[in-house]
Amino acid sequence: MAKSHQLLVSVPAGSAPVWDIKCSFHSLIVLLIVSLVAGVVYLTGESGRFLFEDNSNSSNSGRGKENESSSLSSSNNKCNLFSGKWVFDNKSYPLYKEQDCKFMSDQLACQKFGRKDLNYQHWRWQPHQCDIPRFNATALLEKLRNKRLVFVGDSLNRGQWVSMVCLIDTAVQSSLKSIHYRYNASLIIFKVKDYNATIEFYWEPLLVESNSDDPVHHRLPERIVRANSIEKHGSRWTNADFIVFNTYLWWRRPHIKVL
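Be aware that the sequence shown starts at 1, since it is given in the UniProt record's numbering, and climbs by one per residue.
In structure tokens form, the structure reads like this:
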């Protein structure tokens, strides 16, 4: 396989090669950002209503179908979703309550472990040129019917997966949803039976094989990776319909040993 990035090699006396990957790290980040932007553009173009509620079903929206169509048209054709501001909304947010989600992780359970300031739950993103309709779990499940949505990465992406599952949880009857663990709990699968849809998380903080592959015991003094070994982990998400990658933080080491 051809090398696309320059790697600076440092070989201390009496030890295996240790590669300084600062240059390749920055290149990797640029590549990931470009891929993320491309994915967002694709999803926005293919399904403008992917995550959002039909405003005509909301009794509090105060908008008719004509206004709704105008808002959606604005979102798809003119509105820059990345140009906006955070606004405080204590009427329609949060979208779910921590104590109501059966799948909430203790790592993310702020209220359970004593956090008193909960105002952070009421902030939402408001684009300058349009309105984003409220999240609708049923609409999302329809888009995911017979499909797999997979989050791949570290605890940051696991938090995103938990949040997504909690958003879906309250809209699905208990008998119609289940949770499954595979590969020593590296893969967690949330399945909604009526839609044959799965929302999954796969622990792989460096994407390639490493000594941090264990979902529990992965904090080690020396980080070691196999640079050309993505096949094993890639087989876990090969057939996914939607994939959300995150690996940024785990590459922030001055030295990583590459095998």
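Note that CB positions come from ideal geometry on N, CA and C, so glycine has one too.
Skipping 5 residues on each side, what residues in its chain have a beta carbon closer than 6 Å to that of E195? The sequence shown places Tyr at residue 195, rather than the Glu named in the question. For Y195, where only same-chain residues beyond five positions count, the Cβ hits under 6 Å are L141, R145.
Practice item. Return helix, strand or coil for K257, following the three-state DSSP convention. Key: Strand, per DSSP.
Item to complete: Please work out which residues of its chain come closer than 7 Å, Cβ to Cβ, to H232, disregarding the five sequence neighbours upstream and downstream, and give them in chain order.
Response: One detail in the question is off: residue 232 reads as Lys in this sequence, not His. Same-chain partners within the cutoff: E209.
### Message
When you compare the CB positions of A240 and V150, do they come within less than 7 Å of one another, or not?
### Response
Their beta carbons are under 7 Å apart, which means A240 touches V150 by this criterion.
| task | Check whether the Cβ atoms of R124 and D89 lie closer than 7 Å to each other. | result | Yes.
If you check the beta carbons only, do residue 261 and A171 fall under 7 Å apart? With the chain running from 1 to 259 in the structure shown, residue 261 is simply not present.
R63 by DSSP, collapsed to three states: which one?
Model confidence at R63 stands at a pLDDT of 40, short of 50, so the residue's coordinates are unreliable; what they give is reported in the following sentence. Of the three classes helix, strand and coil, the one that applies to R63 here is coil, per DSSP.
- Task: Identify the continuous beta strand (DSSP E) that holds V87 and give its terminal residues.
- Result: Segment 84-88, the beta strand (DSSP E) holding V87.
Problem - Contact under 7 Å by Cβ, G84 with H122 - result: In this structure, H122 does not lie closer than 7 Å to G84 by Cβ.
Original post:
Among residues of its own chain, excluding the 5 on either side of I230, which ones have a beta-carbon nearer than 7 Å to its beta-carbon?
Top reply: Taken in chain order, the residues that qualify are L207, V208.
Which of the three DSSP states, helix, strand or coil, is assigned to I168? DSSP places I168 in helix when its eight states are reduced to three.
| query | E142 by DSSP, collapsed to three states: which one? | reply | Three-state DSSP puts E142 in a helix.
Alpha-carbon spacing of S74 relative to V165, whole angstroms
Bear in mind that the predicted position of S74 carries a pLDDT of just 44, short of 50, making it unreliable; the figure below should be weighed with that in mind. Inter-residue distance for S74 and V165 is about 29 Å (C-alpha atoms, whole angstroms).
When you compare the CB positions of P215 and W250, do they come within less than 7 Å of one another, or not? Not in contact: P215 and W250 (Cβ atoms no closer than 7 Å).
(Q) Just to confirm the assignment, what range does the alpha helix (DSSP H) spanning R115 have? (A) Neither: R115 is in no alpha helix (DSSP H) and is coded neither H nor E.
- request: Look at L95 and F135 and say whether their C-beta atoms are less than 7 Å apart.
  value: Cβ distance < 7 Å, so L95 and F135 count as in contact.
K191, enclosing alpha helix (DSSP H) - first and last residue | Element bounds for K191: not the alpha helix (DSSP H) but the beta strand (DSSP E), 187-192.
Whole angstroms is fine: what's the gap from I224's alpha carbon to I199's? Cα-Cα distance, rounded: 29 Å.
key: Three-state secondary structure (DSSP) of H128   = Coil.
Per-residue DSSP class, three states only, for V150 = In the three-state scheme derived from DSSP, where H, G and I count as helix and E and B as strand, V150 is classed as strand.
Whole-angstrom distance between W203 and P133, CA atom to CA atom
Within the model, the alpha-carbon separation for P133 versus W203 is close to 31 Å.
Do residue 269 and Q111 have their C-beta atoms closer together than 7 Å?
Past the edges of the chain, shown from 1 to 259, lies residue 269, and the structure says nothing about it.
Classify V37: buried if its beta carbon has 16 or more other beta carbons within 10 angstroms, exposed otherwise.
Unreliable placement is indicated for V37, whose pLDDT of 43 sits below 50; the coordinate value is still reported in the next sentence. When all chains shown are included, V37 counts as exposed.
- F113 burial status per 10 Å Cβ neighbour count (16 or more: buried): Label assigned to F113: exposed.
So, are the CB atoms of F201 and W237 less than 7 Å apart? Cβ distance not < 7 Å, so F201 and W237 don't count as in contact.
- How would you call D100, buried or exposed, if buried means at least 16 neighbouring beta carbons within 10 angstroms? Result: exposed.
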